[in-house]
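For what it's worth, this note's numbering labels the leading residue of the sequence shown as 70, then goes sequentially.
Think of the CB as a built atom: it goes at the ideal place given N, C-alpha and C, for glycine as much as any other residue.
To start, the structure under review is shown below, and the notes come after it.
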Amino acid sequence: MSTLGRSFCKSPWRHDSAPILLGDRLTRFRDPLHAHEVLPPFPAYVKPLSSSAAGAVSTASSPSAIGANTIARGLSPRFADVRGRRVVMFQTVIGDSLYATGEVAGPLLRNGTRIRGRNTDCYGYNSRSRTLYQSHPWVLGVRQDGRAFGVILETTRTFEIDLRAGIVLACEGASPGVVVIERDSPAEVLGVLSELTGTMPMPPLWALGYQQCRWSYEPDEKVRELAREFRTRRVPCDVIWMDIDYMRGFRCFTFDPEKFPDPAKLSDDLHAQGFRGVWMIDPGIKVDPDYGVYAQGRDGDHFVKASDGGEYHGSVWPGPCAFPDFTRERTRKWWGDLYKDFIACGIDGVWNDMNEPAIFDGPGKSMRDDARHDADPELGGPDNHARYHNIYGMLMVRATREGILRARPEKRPFVLTRSNFLGGHRFAATWTGDNTSNWEHLRLSIPMALNLGLSGQPFVGPDIGGFDGNADADLFARWMGIGALLPFARGHSIKQSVAHEPWSFGQACERVCRLALERRYRLMAYLYTLFWEATRTGLPIVRPVFFADPRDPALRAVDHAFLLGNDVLVVADVNQPEKHAAPAGKPGGVLAPWRAFDVVEECAELPKLFIRPGAIVPVGPTVQHTGEILAAGKGTTNAERTLLVAPDAQGRARGLCYDDAGDGFGYQRGEYAVTEYVFESATVTSRVVEGTMKLPSSQGVTTRSV
């Protein structure tokens with residue numbers, strides 16, 4: 070039993086003898102001592118859950134997708150109140166493997182670990198850090214026989230997950246509900262989780278391209294110079310990011326009149342070269358009566374209050390700041406409307422940072438727990454910050470996304486967030502925060518992305534090369550090879566570091582980076598199809614290798630390899646050169662017959678790729694940015710492509726490819742095409758199996774046997 074569990078042994082444990090059936094092997098348990106209390110709202114869900122006469126869960130998804138009533142089997146929690154906290158304990162058995170728990174630094178396999186769910190600005194974190202920028206009160210378990218289960222702790226308050234012996238959950242505040250999902254595979258459990266918490270929206274195609282960032286590229290001429298370097302050196306890239314130094318005195322929604330005098334012209338210049346621009350907006354609004362955003366927020370009563378009823382202030386980049394109360398719909402509407410003029414400058418995407426919220430002079434570098442939110446009833450009504458801290462960032466990006474949609478309804482928003490909560494993938498992509506330029510953090514990149522994917526957030530990646538500190542050629546090249554195959558691919562570094570562009574470490578490193586990014590862009594048709602699949606099923610884009618065979622215990626703790634969808638295996642060398650550690654090889658078992666392939670010239674520094682027998686993987690030509698794909702596809706993603714065909718033992722193979730306009734919302738009206746490719750009798754045939762989009766008739770398709 071865990072230390073946390075042992076400390077509660079003297080407490081009387083209680084069992085729920087009448088759990089609420091929400092659906093087929095989908096059950097909510099309550100502490101019987103508190104079962105008469107109304108459950109607080111849980112904003113991770115698309116809609117509140119309730120049982121029905123048919124036993125189907127009531128969410129935004131179809132009730133028929135859940136099925137008939139069957140109580141969760143073998144996972145009945147025990148409850149206790151100890152030292153003012155609510156505690157829930159599940160017994161596990163030998164062979165149970167535990168995963169997810171959101172954004173965590175450490176191994177993929179979470180058995181034996183303990184985390185604290187409180188969103189924290191954790192600069193300089195490492196594998197021993199118990200709190201990070203996001204909180205996901207969720208555990209995924211895989212049984213010895215490959216069956217799986219998931220546990221949701223329905224609280225927005227600070228919580229703890231202790232997996233050192235079984236599963237022990239503890240939280241502050243009201244007694245939570247505990248929802249248990251049981252299914253025959255981990256993929257099926259994630260499918261149910263996505264029905265409860267929603268799926269990610271389809272991003273614009275350009276957001277899948279490589280993205281370059283630094284704190285900060287300034288002034289605007291430096292941004293133009295960077296764009297020219299990418300194109301001159303033929304290193305593929307889609308996006309350049311603007312960090313806080315573009316602002317006038319760190320005032321959000323403003324531009325420095327000397328460094329960025331004409332942001333619309335800068336946007337036009339970037340667009341002309343095939344680049345997009347993503348600009349940062351933080352929640353801290355400088356207390357300055359002459360600053361229009363602050364004056365509007367003050368006059369509209371939009372800011373969080375201190376415990377004495379006055380406006381809460383905390384120090385961030387501009388000095389003393391006020392903070393919007395995103396727990397209110399009217400404040401989210403006000404905040405979202407601030408983006409109208411901002412987006413009109415040609416800005417393509419928005420980066421919401423520091424939104425834990427991070428406050429330099431606050432306790433724990435954040436807002437005081439006794440600050441007051443005037444929350445809407447649907448979130449639980451007025452209460453202190455302790456209740457709403459973990460969802461502050463999620464509500465901010467909800468307001469941002471909704472505001473961008475109103476300002477530019479014809480295009481898909483792209484929002485990146487540092488802070489988030491379970492279910493927040495509906496509003497924003499994420500990255501793994503302020504990592505460090507060292508080999509430990511390179512190794513952390515894969516399991517962190519995998520566990521966030523297993524927690525419902527498919528669109529994720531690290532700062533390639535590391536944010537804090539100085540990379541060298543070996544580290545940067547190796548990291549680019551890995552990061553270029555993760556869903557969100559962005560290089561980012563602190564202003565005090567040496568230059569961290571792909572060419573900054575010499576010609577050999579530049580070549581590796583060019584090949585890594587050419588590989589990403591050549592795989593774009595397959596990658597875009599995986600994003601579409603994620604919007605439909607909730608499955609992560611990158612998956613642990615045990616997804617290929619959940620019954621194989623040898624695959625349960627693999628940290629150096631991952632599946633890109635169902636059909637591609639990525640095996641990376643995460644060890645520092647000359648440290649006498651041989652690179653871990655290709656996993657065995659069901660993965661042993663997978664065949665090596667590549668789409669770029671041989672490069673020892675890049676991860677090895679393998680294709681599943683029986684798969685067809687579509688790849689495209691080498692391009693410098695995704696705009697070239699759309700131009701070749703005549704306004705669609707359906708550009709010229711090669712089919713990598715890996716016949717199985719029976720000589721057959723099959724694959725799907727998703728195409729649409731690359732942006733906009735026509736796909737929601739059926740304006741897309743899912744093409745099925747089938748290889749049989751040494752011949753490939755194709756047919757559109759879904760969607761109404763007319764594909765360009767001139768598209769060339771060739772095949773290559775693997």
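Proximal residues to residue i (C-beta, below 6 Å), its chain only, five neighbours per side dropped
i    : result
V362 : F322, I354
E759 : V743
E398 : D445
V669 : L584, E587, R588
D314 : S285, E287
A641 : I551, H629, P676
T505 : G535, D537, G538
E749 : R721
Where the alpha helix (DSSP H) containing residue i begins and where it ends
i    : result
R233 : Premise fails: R233 is in no alpha helix (DSSP H) and is neither H nor E.
Y11  : Outside the displayed span of the chain (70 to 775) sits residue 11, for which this structure offers no information.
T695 : 695-701
F411 : 408-412
V362 : 361-368
R547 : 542-552
G462 : 461-476
E290 : 289-302
Candidates the options: closest to residue i by CA position
i    : options                : result
S755 : S166, T761, L712       : L712
T400 : D410, G418, P352, V261 : P352
T170 : L519, L599, R738       : L519
I563 : L102, D93, G193        : G193
I685 : Y736, A594, T691       : A594
G153 : G379, Q719, A239       : A239
P527 : G449, I515, A498, M549 : A498
G210 : V643, S204, L177, P245 : L177
L102 : G92, R155, L118, G366  : R155
Y461 : S524, M436, A626, A661 : M436
T752 : Y741, L638, T771       : T771
V247 : L232, L91, D377        : L91
D93  : E257, I236, Q719       : E257
G260 : R559, F329, T606, G654 : T606
Y114 : R99, T266, L523        : T266
Contact set for residue i: own chain, Cβ-Cβ below 8 Å, skip 5 residues either direction
i    : result
W82  : R147, F148, A149, M158
A455 : R226, T227, E241, G242, D438, D439
L295 : Q281, Y286, I309, E570
T200 : I184, R185, G186, R187, N188, T189, C191
A650 : N644
Exposure label - residue i; buried when at least 16 CB within 10 Å
i    : result
K763 : exposed
Q281 : buried
R226 : buried
P432 : exposed
G337 : Residue 337 is actually Asp in this sequence, not Gly. With fewer than 16 other Cβ atoms within 10 Å, it is exposed.
H494 : buried
E264 : buried
D85  : buried
P387 : buried
V151 : exposed
D430 : exposed
H371 : buried
D732 : buried
H105 : exposed
Own chain, CB closer than 7 Å to residue i, minus 5 neighbours either side, in chain order
i    : result
A364 : P358
T604 : T268, M269, P270, M271
E206 : Residue identity check: residue 206 is Pro in the sequence provided, not Glu. Counting only Cβ-Cβ distances below 7 Å, and skipping sequence neighbours, we find G186, I221, L222, T224, F228, L491.
P389 : V356, H382
C672 : V581, L584
Q342 : A296, R300
Residue i, enclosing beta strand (DSSP E) - first and last residue
i    : result
K255 : In the sequence as presented, Lys is not what sits at residue 255; that position holds Pro. It is not in any beta strand (DSSP E) - P255 instead sits in the alpha helix (DSSP H) that spans 255-266.
T771 : 770-774
I515 : Element bounds for I515: not the beta strand (DSSP E) but the alpha helix (DSSP H), 508-522.
R154 : 154-159
A722 : 722-728
Q. Hey, is the segment 407-416 in contact with the segment 373-391, meaning 3+ C-beta pairs nearer than 8 Å?
A. no
Q) How do the segment 469-489 and the segment 250-258 stand: do at least 3 beta-carbon pairs fall below 8 Å, yes or no? A) Not touching, per the Cβ criterion.
Q) Is there contact here, the segment 559-574 with the segment 281-301, by at least three beta-carbon pairs under 8 Å? A) By the Cβ rule, the segment 559-574 counts as touching the segment 281-301, because three or more pairs are nearer than 8 Å.
Q) Is it true that the segment 504-512 meets the segment 533-543, where meeting means three or more beta-carbon pairs spaced less than 8 Å apart? A) Three or more Cβ pairs drawn from the segment 504-512 and the segment 533-543 lie within less than 8 Å of each other, which places the two stretches in contact.
**Q.** Three CB pairs or more closer than 8 Å across the segment 595-612 and the segment 632-644
**A.** yes
Q. Per the contact definition of three or more C-beta pairs closer than 8 Å, is the segment 343-352 in contact with the segment 595-603?
A. The segment 595-603 makes no contact with the segment 343-352: fewer than 3 CB pairs, one atom from each, lie closer than 8 Å.
Q: Would you be able to state if there are at least three C-beta pairs under 8 Å between the segment 417-430 and the segment 452-472?
A: The answer is yes - the segment 417-430 touches the segment 452-472, with three or more Cβ pairs under 8 Å.
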